[in-house]
Amino acid sequence: MHGTSTDPTSADAPSGWTPPDALRLGVFRFTLAPLEPLRLPAFDKGKVLRGGLGYALKNLVCIQADRLACPPCKLGNLCPYGYIFETSPPEESEVLRTHDDVPHPFVLQPPLSRQTLYPPGELLQFELVLVGRGVRYLPYFIEAFRALARSGMGTPRARAELRTVEAVNPLTHQVTPVLGPEPDPGFSADPTVSYREVEAHAATLPTDQLVLHFLTPARLKFDGRFVPPLFHVLVRALLRRISSLSYFHCGRRWETDFRGIIAAAERIQTRLGVQKVDRIRYSSRQQQQMNLAGFVGQAAYTGDLAPFRTVLALGELLHVGKSVAFGHGHYRIGGWRSQPDRE
1 MHGTSTDPTS ADAPSGWTPP DALRLGVFRF TLAPLEPLRL PAFDKGKVLR
51 GGLGYALKNL VCIQADRLAC PPCKLGNLCP YGYIFETSPP EESEVLRTHD
101 DVPHPFVLQP PLSRQTLYPP GELLQFELVL VGRGVRYLPY FIEAFRALAR
151 SGMGTPRARA ELRTVEAVNP LTHQVTPVLG PEPDPGFSAD PTVSYREVEA
201 HAATLPTDQL VLHFLTPARL KFDGRFVPPL FHVLVRALLR RISSLSYFHC
251 GRRWETDFRG IIAAAERIQT RLGVQKVDRI RYSSRQQQQM NLAGFVGQAA
301 YTGDLAPFRT VLALGELLHV GKSVAFGHGH YRIGGWRSQP DRE
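Heads up: the sequence shown at position 91 corresponds to 91 in this note's numbering, and the numbers run straight through without jumps.
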């Protein structure tokens, strides 16, 4: 019988642990109705959605639409497109000051189905995760996806209609309408999920073994190369992501004993059932092809997992590793499967 604990921040937590309790996020489900036969790739539907979203949003808000890249525009994060797609550390930033960009405030969760044809009468649904201040930009995402649907997407381009947008609580599965087929209803309820709510959910998870199913390629980098999801590598990536999102998008720096957490993570045993997959996309901004390769499949972790359950539960919502804005690094916590679901 797996053990559980009701207070993961006290006895379960490593010495020096403080929670990233400023972290908040919202999950929104978009439903598109194709007006023409819509064709999407079997894999990586996220690259179509993200590419189209960026193009549509820039057309909506950019005051210098003739520029391919945001620099040398001085608006930076003051511009909705700049904040969402070209997120950069402010000059007074205490962390990541030498990096060109920081984690974006959104994650796309495209359909995991390998379906390629969406004829009229069939619906296309995907989810958008917004973090902290990013939730305020939901109206921009709605208008950008509406414009993308109207102009057409897929190959060849097919027009669609944005039917609904719903706020989905990923823990209780409660659904709240945000936008229907009629004009905006003036959605005002707080759609976000707090760190404390995720923590309470995580306290119900087993403490001695957990299995993660990597549904889309997990691109975890360690010592300069992409590696399978060994537990300490996974935890390092989650700590970086959660701390950066908390600082840049939730307004508070997360201070905790990162070294102690990583040392504890290195004592966890890993059983891998993953395979590496290649995902090629063309970057119009960089004018070159990119291979967003990563690992899919499942991994079982055994040991004292109590201190890590909340971090793992957050990663289930926020994704992990590189290219998460495309939907990569999406995993679910469950049991070991003889034939795991893979993208």
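The beta carbon of each residue, even a glycine, is placed where N, CA and C say it ideally should be. A quick note: this is a predicted structure, and the numbers were derived from the prediction, not measured.
*May I ask which residues mark the beginning and end of the beta strand (DSSP E) holding T155?*
No beta strand (DSSP E) contains T155, which DSSP labels as neither H nor E.
_Quick check on the DSSP output: the alpha helix (DSSP H) that includes Y83 runs from which residue to which?_
80–85
*Taking all protein chains shown into account, decide if P183 is buried (16 or more other Cβ within 10 angstroms of its Cβ) or exposed.*
Annotation note: pLDDT 45 at P183 (below 50); position unreliable, coordinate value reported separately. Looking at its Cβ environment, which holds fewer than 16 other Cβ atoms inside 10 Å, P183 is exposed.
*Any idea what DSSP makes of H194, helix, strand or coil?*
Before going further, note that residue 194 is Ser rather than His in the sequence given. In the three-state DSSP reduction, S194 falls in the strand class (E or B).
*Length of the line joining the Cα atoms of E36 and I242*: 40 Å
_Neighbour-count burial assignment, H173, 16 or more Cβ in a 10 Å radius_ = exposed
*Please state whether DSSP places T310 in a helix, a strand or coil.*
For T310, the three-state secondary structure derived from DSSP is helix.
_Nearest-angstrom Cα separation, counted from A144 out to L108_ = 14 Å
*Return helix, strand or coil for H213, following the three-state DSSP convention.*
Residue state, collapsed to three classes: strand.
*Assign G273 to one of three DSSP states: helix, strand, or coil.*
strand
*asked:* T116 and V102 - do their beta-carbons sit closer together than 8 Å?
replied: no
*asked:* Among P228, G303, G294, L138, whose alpha-carbon lies nearest the alpha-carbon of D44?
replied: G294
*For L25, which residues of its own chain have a beta-carbon under 8 Å away from its beta-carbon, when the five flanking residues on both sides are left out?*
V129, L130, V131, G132, V135, T192, V193, L317, L318
*Name the two residues that bound the continuous alpha helix (DSSP H) containing F258.*
258–265
*A167: first and last residue of the uninterrupted beta strand (DSSP E) it sits in*: A167 -> beta strand (DSSP E) spans 160–168.
*Span separating the alpha-carbon of P119 from that of K322*: Here the alpha carbon of P119 sits roughly 33 Å from the alpha carbon of K322.
*Does the distance from the CB of K58 to the CB of Y81 come in under 8 Å?*
yes
*asked:* Among the candidates Y140, L272, P156, whose CA atom is the shortest distance from the CA of A300?
replied: L272
*Since G297 sits in a beta bridge, which residues does DSSP pair it with?*
F214, V274
_Where V48 sits in the DSSP three-state scheme_ = helix
*Can you say whether L238 is buried or exposed, counting buried as having 16 or more other CB atoms within 10 angstroms of its CB?*
buried
_Judging by CA-CA distance, which residue of I84, Q275, R150, N169 is the nearest neighbour of V27?_
Of I84, Q275, R150, N169, the residue nearest in Cα terms is N169.
_Among F106, Y137, L234, L123, nearest to S113 - alpha-carbon criterion_ = L123
*Out of curiosity, what's the CA-to-CA distance linking R50 and T216?*
If I take the Cα positions, the gap works out to 15 Å.
*Roughly how many angstroms lie between the CA atoms of R196 and F258, to the nearest whole one?*
20 Å
*Residue burial classification, L78 (beta-carbon count within 10 angstroms, cutoff 16)*: exposed
_Same chain, Cβ closer than 6 Å to C62, neighbours up to 5 away in sequence not counted_ = Its chain contains Y81 as the residues whose beta carbon lies nearer than 6 Å to that of C62, once the 5 sequence neighbours on both sides are disregarded; these appear in chain order.
*Are the region 206–226 and the region 302–310 touching by the rule of at least three beta carbon pairs closer than 8 Å?*
Cβ pair count under 8 Å is three or more, so yes.
*Please classify A200: does DSSP put it in a helix, a strand, or coil?*
helix
*Go ahead and pull the three-state DSSP assignment for R236.*
helix
*asked:* Do L292 and H219 have their beta-carbon atoms positioned less than 8 Å apart in this structure?
replied: His is not the amino acid found at residue 219; the sequence shown has Arg there. Closer than 8 Å, so yes.
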